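Residue numbers (the UniProt record's numbering), protein chains in the order written: chain X, 1 to 246; chain C, 1 to 246; chain G, 1 to 246; chain R, 1 to 246.
Note sheet for the following structure.
Number of protein chains: 4
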Amino acid sequence: MINVLVWNENRHEQRDEKVKSVYPDGIHRAIADFLKEEDHKVKTATLDEPQHGLSDAVLQETDVLVWWGHLAHGEVEDATVEKVKQRVLDGMGLIVLHSGHFSKIFKALMGTSCDLKWREADEKERIWIVDPGHPIAEGLGEYIELEKEEMYGEHFDIPAPDELVMVSWFEGGEVFRSGCTYRRGKGKIFYFRPGHETYPTYYHKDVQQVIKNAVNWAKPADLPVPVYGNAKPLERIRVSQEGVEN
Amino acid sequence: MINVLVWNENRHEQRDEKVKSVYPDGIHRAIADFLKEEDHKVKTATLDEPQHGLSDAVLQETDVLVWWGHLAHGEVEDATVEKVKQRVLDGMGLIVLHSGHFSKIFKALMGTSCDLKWREADEKERIWIVDPGHPIAEGLGEYIELEKEEMYGEHFDIPAPDELVMVSWFEGGEVFRSGCTYRRGKGKIFYFRPGHETYPTYYHKDVQQVIKNAVNWAKPADLPVPVYGNAKPLERIRVSQEGVEN
Amino acid sequence: MINVLVWNENRHEQRDEKVKSVYPDGIHRAIADFLKEEDHKVKTATLDEPQHGLSDAVLQETDVLVWWGHLAHGEVEDATVEKVKQRVLDGMGLIVLHSGHFSKIFKALMGTSCDLKWREADEKERIWIVDPGHPIAEGLGEYIELEKEEMYGEHFDIPAPDELVMVSWFEGGEVFRSGCTYRRGKGKIFYFRPGHETYPTYYHKDVQQVIKNAVNWAKPADLPVPVYGNAKPLERIRVSQEGVEN
Amino acid sequence: MINVLVWNENRHEQRDEKVKSVYPDGIHRAIADFLKEEDHKVKTATLDEPQHGLSDAVLQETDVLVWWGHLAHGEVEDATVEKVKQRVLDGMGLIVLHSGHFSKIFKALMGTSCDLKWREADEKERIWIVDPGHPIAEGLGEYIELEKEEMYGEHFDIPAPDELVMVSWFEGGEVFRSGCTYRRGKGKIFYFRPGHETYPTYYHKDVQQVIKNAVNWAKPADLPVPVYGNAKPLERIRVSQEGVEN
Numbered sequence: 001m002i003n004v005l006v007w008n009e010n011r012h013e014q015r016d017e018k019v020k021s022v023y024p025d026g027i028h029r030a031i032a033d034f035l036k037e038e039d040h041k042v043k044t045a046t047l048d049e050p051q052h053g054l055s056d057a058v059l060q061e062t063d064v065l066v067w068w069g070h071l072a073h074g075e076v077e078d079a080t081v082e083k084v085k086q087r088v089l090d091g092m093g094l095i096v097l098h099s100g101h102f103s104k105i106f107k108a109l110m111g112t113s114c115d116l117k118w119r120e121a122d123e124k125e126r127i128w129i130v131d132p133g134h135p136i137a138e139g140l141g142e143y144i145e146l147e148k149e150e151m152y153g154e155h156f157d158i159p160a161p162d163e164l165v166m167v168s169w170f171e172g173g174e175v176f177r178s179g180c181t182y183r184r185g186k187g188k189i190f191y192f193r194p195g196h197e198t199y200p201t202y203y204h205k206d207v208q209q210v211i212k213n214a215v216n217w218a219k220p221a222d223l224p225v226p227v228y229g230n231a232k233p234l235e236r237i238r239v240s241q242e243g244v245e246n
Numbered sequence: 001m002i003n004v005l006v007w008n009e010n011r012h013e014q015r016d017e018k019v020k021s022v023y024p025d026g027i028h029r030a031i032a033d034f035l036k037e038e039d040h041k042v043k044t045a046t047l048d049e050p051q052h053g054l055s056d057a058v059l060q061e062t063d064v065l066v067w068w069g070h071l072a073h074g075e076v077e078d079a080t081v082e083k084v085k086q087r088v089l090d091g092m093g094l095i096v097l098h099s100g101h102f103s104k105i106f107k108a109l110m111g112t113s114c115d116l117k118w119r120e121a122d123e124k125e126r127i128w129i130v131d132p133g134h135p136i137a138e139g140l141g142e143y144i145e146l147e148k149e150e151m152y153g154e155h156f157d158i159p160a161p162d163e164l165v166m167v168s169w170f171e172g173g174e175v176f177r178s179g180c181t182y183r184r185g186k187g188k189i190f191y192f193r194p195g196h197e198t199y200p201t202y203y204h205k206d207v208q209q210v211i212k213n214a215v216n217w218a219k220p221a222d223l224p225v226p227v228y229g230n231a232k233p234l235e236r237i238r239v240s241q242e243g244v245e246n
Numbered sequence: 001m002i003n004v005l006v007w008n009e010n011r012h013e014q015r016d017e018k019v020k021s022v023y024p025d026g027i028h029r030a031i032a033d034f035l036k037e038e039d040h041k042v043k044t045a046t047l048d049e050p051q052h053g054l055s056d057a058v059l060q061e062t063d064v065l066v067w068w069g070h071l072a073h074g075e076v077e078d079a080t081v082e083k084v085k086q087r088v089l090d091g092m093g094l095i096v097l098h099s100g101h102f103s104k105i106f107k108a109l110m111g112t113s114c115d116l117k118w119r120e121a122d123e124k125e126r127i128w129i130v131d132p133g134h135p136i137a138e139g140l141g142e143y144i145e146l147e148k149e150e151m152y153g154e155h156f157d158i159p160a161p162d163e164l165v166m167v168s169w170f171e172g173g174e175v176f177r178s179g180c181t182y183r184r185g186k187g188k189i190f191y192f193r194p195g196h197e198t199y200p201t202y203y204h205k206d207v208q209q210v211i212k213n214a215v216n217w218a219k220p221a222d223l224p225v226p227v228y229g230n231a232k233p234l235e236r237i238r239v240s241q242e243g244v245e246n
Numbered sequence: 001m002i003n004v005l006v007w008n009e010n011r012h013e014q015r016d017e018k019v020k021s022v023y024p025d026g027i028h029r030a031i032a033d034f035l036k037e038e039d040h041k042v043k044t045a046t047l048d049e050p051q052h053g054l055s056d057a058v059l060q061e062t063d064v065l066v067w068w069g070h071l072a073h074g075e076v077e078d079a080t081v082e083k084v085k086q087r088v089l090d091g092m093g094l095i096v097l098h099s100g101h102f103s104k105i106f107k108a109l110m111g112t113s114c115d116l117k118w119r120e121a122d123e124k125e126r127i128w129i130v131d132p133g134h135p136i137a138e139g140l141g142e143y144i145e146l147e148k149e150e151m152y153g154e155h156f157d158i159p160a161p162d163e164l165v166m167v168s169w170f171e172g173g174e175v176f177r178s179g180c181t182y183r184r185g186k187g188k189i190f191y192f193r194p195g196h197e198t199y200p201t202y203y204h205k206d207v208q209q210v211i212k213n214a215v216n217w218a219k220p221a222d223l224p225v226p227v228y229g230n231a232k233p234l235e236r237i238r239v240s241q242e243g244v245e246n
């Protein structure tokens, strides 16, 4: 049983009829609903809640954080971003979805601009599994086909993924590294591309399977606690040239 | 011929007699001197110069930036760090030395705390080459032996290096990933551990060879210019379900 | 519950009193004993059994294969090595221990010579965890200390590990990448260095913990089945220059 | 100035009129011709020459070997494959083209089946540069467009590339990791997908640029010579529990 927090900006849902019709209770609710099928303890939080719903207490008890944002990355408080980053370094899993590539938290963990090409043209996306041995690929076939999605295209300015799990084909001629894992500190991060707010992508069984697998892959474990700072020697250090033995 | 800028905090040299005796003209001058043997165009800059010696003009013409800092990482202006980071993403090479692991620029590019263990005890360091096929290893033997250095020990909180070139053995019992390469955007980064300010490390022929090799490895080239943002399709996108052809 | 097969050459145990006194029932029994504590279904096999105990039936039902060999790598039948390799590509996990670095199966999967330095001198080994977030590091501390082991030293001629989990420090001055993961096809491979036959290394609680973790990490899952060969197009291919539409 | 050997199976050219019309002097001559523009010392060799044109003397003086094969991988002598592999581990560069993915040498260095999907249907290939900072991408634009090529599609059973430089988009709906680097021993390997024998692919300026860049990237240098085997300690090893000092 994993404690999952699904964080969503939740601004599109307020102002865009099309989005509201696809996700009447918000993208966060749609994602939380299918994650609950896995017997996880799932909570949600949105940008406009106090502290963005990411208080110290909430973050401390979160095992895996799922993040969707798009219009208002800049409104996420820097202090909150710093706390989320620290939790990832301490072992909390992080799953970044779609336009979350431009979130402050993802850019802070990547160190790059995370820029890319994009196009909204109702085009087909085919997500090929290029690493069929990866746990995140469990229960999937050779590819996932999405009838209509927003195109994201290379060059995607990210560090080379620690593991490249999926690469997408787009009808308009582009490709994109759409399933990428990273390790930062003790935390595991998975970036997963699909999820434009006007398409029912998060109702797609395969997309749901990927996110379920990712939550399971990213959960923390009982891991070593590194010790930093000034350290006493574990071995005897010999006499140095000036004749002083330490 | 490469335009190299050697940046040094240059505070130790002002206040510490021991450091002044080892590096009378500053660590930056010592490094610049041996880099000039390679017919590079070498400049230096220090923390206390206006804009830390890192104006837009200087950064624009710099091919590779070498960075040494220790006591005053926090005094480097955030705006300057952001400009240096952007230059790296655009292709400028960056070589981070020793205590520069805690510099704002290195931490920003890594996304981790970059923390580690340390000890000042005049102990021997043996830097093993674990990737003898790497260009940065050119002209070296199996290892580099430093009579006395400051110990840095694992766990070193960095992302897994894109390439691990060197691993150090310390007399007191620790190991450390001491030669690590990273790619960020179009830039190449090399972290190289040795260089405690009270030891004549930068006069060591093998240490000099590594830094010379790294400058050559990190230099930019005539590379593709990525295009980001809204992109027209390169292929015809078929009729969508709503009957609209794009 | 995982089906584990522990394969051991079992020649030292026949001819060397010292080894017999440390592992009276063979290294394979010692390893199988602690793996059974995890409720796995554990079998053993040795070189001198018919087909080396690696018949098609046995291999088909094996989820994770643990391999220890030293004196007689050359006596393992090439046909058997090929079958083991195919099982790994199809998803069977493989844990290669100590002198198994020179086994035919490990060299076949690596593509390199797997050569290294060595020394039998009763020296201390300290295995540092350099990736404390890795599942194989679960339940461990900062390092594992082995009072006496055989030294293995860099340069270790392996491909750069997909993940470097541990690096060893040796009393005599060397370092070694002692915990390395690889992916080949759908299979997961973990190379773990310690285990010289005259030392009670496989009774050490931390060494046992690593191997238990590795078995859990390497087990196969319900993963996509790749399809190879001549493939029909998934999209309509336009008229080519010669006017032929495919 | 680099010593390059272009090895081609040269069987298609003997039996297929279409191939003969595209490459009248053989694929090897076409590739050697453009490499000579770079002032390299370029030789060629084919399958049916004595020792496949790969005698010890020839291999010793070769800095970079370029390999194209398709119909007759099995006819390359195992002993020759072993010698080529050893040269790569010792530092010779290797560039494997197109159907060379199934060559004995590439499979031996990879450790996987190297299987993939394929289709001959005169379809468009667009090779996207996903790592614009890589030296192999020098002088290129965002992508290379090939009017007609043979499709290769994922899943491509290779180890995760050390560096993924290019990903291809195919008209029929597939993607493929088409520009991949690997390090084996001291050698550098580049796999580059395009080059079906009935298309004029090796006359394409961008394809030529990639191969020129790859030769430059893969060339050996004056690198450390690893030492293997029984090694004397570099440090004094203390008294062991039995009281013997080594």
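Glycine residues also receive a C-beta, built at the ideal position from the N, C-alpha and C atoms.
Note that this is a predicted model, so its numbers are computed, not measured.
Legend: CB atoms of the region 111-136 of chain G lying less than 8 Å from CB atoms of chain C belong to residues 126, 128, 129, 130, 131, 132.
The three-state reading of DSSP puts residue 92(X) in coil, since its state is none of H, G, I, E or B. Around the beta carbon of residue 203(C), a 10 Å sphere encloses fewer than 16 other beta carbons of the protein chains shown; the residue is thus reported as exposed.
The residues 81, 85, in chain order, have a CB closer than 7 Å to that of residue 108(R) in the same chain once the five nearest residues on each side in sequence are set aside. The Cβ of residue 40(C) sits no closer than 7 Å to any Cβ of chain G. Taking a Cβ-Cβ threshold of 9 Å, the residues of chain R close to residue 169(X) are 169, 170, 173, 174, 175, in chain order.
In this structure, the straight-line span from the alpha carbon of residue 231(C) to that of residue 117(X) is close to 6 Å. Proximity to residue 166(G) across 40(G), 237(G), 192(G) peaks at 192(G), based on C-alpha coordinates.
Shown here, residue 156(X) sits in coil according to DSSP, grouped into three states, outside any helix or strand. In this model, residue 169(C) and residue 217(G) are separated by some 29 Å (Cα to Cα).
Counting only Cβ-Cβ distances below 7 Å, residue 221(X) has contacts in chain G at 135, 138, in chain order. Of all residues in the region 35-69 of chain R, none is placed with a Cβ closer than 8 Å to any Cβ belonging to chain C. Closer than 8 Å at the C-beta level to chain R, one finds these residues of the region 154-169 of chain X: 154, 155, 156, 160, 163, 164, 167, 168, 169. Residue pairing by DSSP puts residue 168(G) in a beta bridge opposite 127(G), 176(G).
By the neighbour-count definition (other C-beta atoms within 10 Å, threshold 16), residue 99(X) is a buried residue. Distance from residue 66(X) to residue 105(X) at the Cβ level is roughly 12 Å; contact not present, criterion being Cβ atoms closer than 8 Å. Between the region 176-195 of chain X and the region 113-132 of chain X there are three or more C-beta pairs closer than 8 Å, enough to call the two in contact. Using a Cβ distance threshold of 7 Å, residue 158(R) and residue 110(R) count as a contacting pair. Here residue 24(R) is exposed. Its C-beta has fewer than 16 other C-beta atoms within 10 Å. Between the C-alpha atoms of residue 91(X) and residue 64(X) there is a straight-line separation of about 9 Å. Check the Cα spacing between residue 48(C) and each of 69(C), 37(C), 32(C): the tightest is with 69(C). Our two residues, residue 137(G) and residue 40(X), have alpha carbons roughly 24 Å apart in a direct line. The beta carbon of residue 139(G) is closer than 8 Å to those of 209, 213 in its chain, skipping five residues each way along the sequence.
Residue environment analysis places residue 151(X) among the buried positions, since at least 16 neighbouring C-beta atoms fall within 10 angstroms of its C-beta. Within chain C, the residues placing a beta-carbon under 9 Å from that of residue 227(R) are 142, ordered along the chain. A Cβ-Cβ contact shorter than 7 Å links residue 219(C) with residue 93(C). Here residue 189(G) carries a strand assignment [DSSP, helix/strand/coil].
The beta carbon of residue 172(G) is closer than 7 Å to those of 119, 121, 123, 151 in its chain, skipping five residues each way along the sequence.
Counting only runs that start and end inside the region 49-112 of chain R, the alpha helix (DSSP H) elements of at least 4 residues fall at 56-61, 78-89, 104-110.
Residue pairing by DSSP places residue 149(C) opposite 123(C) in a beta bridge. For residue 233(C), the closest C-alpha among the options 182(X), 7(X), 153(X), 229(X) is that of 153(X). For residue 74(G), none of the residues of chain X pass the 9 Å Cβ criterion, the least Cβ distance being about 30 Å. With respect to the 7 Å criterion, residue 195(G) and residue 88(G) are not classified as neighbours on the basis of their beta carbons. With respect to the 7 Å criterion, residue 148(C) and residue 199(C) are classified as neighbours on the basis of their beta carbons. The three-state reading of DSSP puts residue 11(R) in coil, since its state is none of H, G, I, E or B.
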